[in-house]
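A short worksheet on the structure shown next.
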């Protein structure tokens with residue numbers, strides 16, 4: 149029974165270590181994301197967080213204000229491409245954001261494009 153207890157304790161210890169490691173990683177990722185968002189907020193007129201489907205994850209007051217959207221219109225869930233001007237800007241955005249075959253191929257960058265206002 150001593151071996152069984154030692155085995156159970158080792159498994160429990162490994163399980164707890166794994167849980168702590170995941171929690172630390174999650175908190176670290178959240179801190180990094182917050183720092184990047186804060187820095188972007190200092191340099192940009194509006195900062196948006198896009199989901200996998202390239203739609204806005206949350207309502208962004210600054211973006212709505214810049215584009216003169218009414219108070220009752222939410223930007224949450226709207227595809228980012230809906231805010232882009234037609235033609236060349238939309239094509240450049242779609243080319244820049246197109247899926248890559250491996251996550252290592254993702255390279256941060258900048259895209260200058262015009263946005264459509266509500267008028």
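Numbering (this note's numbering), first residue to last: 149 to 267.
Just so it is clear, CB atoms sit at the ideal spot from N, CA and C, and this is done for glycine as well.
Exposed unless 16 or more other CB atoms sit within 10 angstroms - verdict on residue i
i: residue 173; result: exposed
i: residue 208; result: buried
i: residue 190; result: exposed
i: residue 149; result: Only weak support exists for where residue 149 lies, its pLDDT of 49 falling under 50; the coordinates are left without a value.
C-alpha distance - residue i paired with residue j, whole-angstrom precision
i: residue 164; j: residue 170; result: 10 Å
i: residue 233; j: residue 259; result: 13 Å
i: residue 272; j: residue 206; result: Within the shown structure, residues of the chain are numbered from 149 to 267, placing residue 272 beyond reach of any answer.
i: residue 180; j: residue 192; result: 18 Å
i: residue 221; j: residue 215; result: 11 Å
i: residue 211; j: residue 231; result: 10 Å
i: residue 184; j: residue 176; result: 12 Å
i: residue 162; j: residue 188; result: 39 Å
i: residue 246; j: residue 194; result: 22 Å
i: residue 239; j: residue 178; result: 32 Å
i: residue 167; j: residue 235; result: 49 Å
i: residue 182; j: residue 213; result: 22 Å
i: residue 196; j: residue 223; result: 10 Å
Range of the contiguous alpha helix (DSSP H) that encloses residue i
i: residue 231; result: No alpha helix (DSSP H) contains residue 231, which DSSP labels as neither H nor E.
i: residue 265; result: From DSSP, residue 265 is part of no alpha helix (DSSP H); its letter is neither H nor E.
i: residue 209; result: 209 to 214
i: residue 237; result: 236 to 245
Contacting residues, own chain, Cβ-Cβ under 8 Å from residue i (five flanking each side not counted)
i: residue 198; result: 204, 205 and 228
Close beta carbons around residue i, own chain, < 6 Å, minus the five adjacent residues each side
i: residue 262; result: 233 and 237
i: residue 200; result: none
Residues near residue i in its chain [Cβ-Cβ closer than 7 Å; skip 5 each side]
i: residue 265; result: 215 and 216
i: residue 241; result: 229, 232, 259 and 261
i: residue 226; result: 203 and 204
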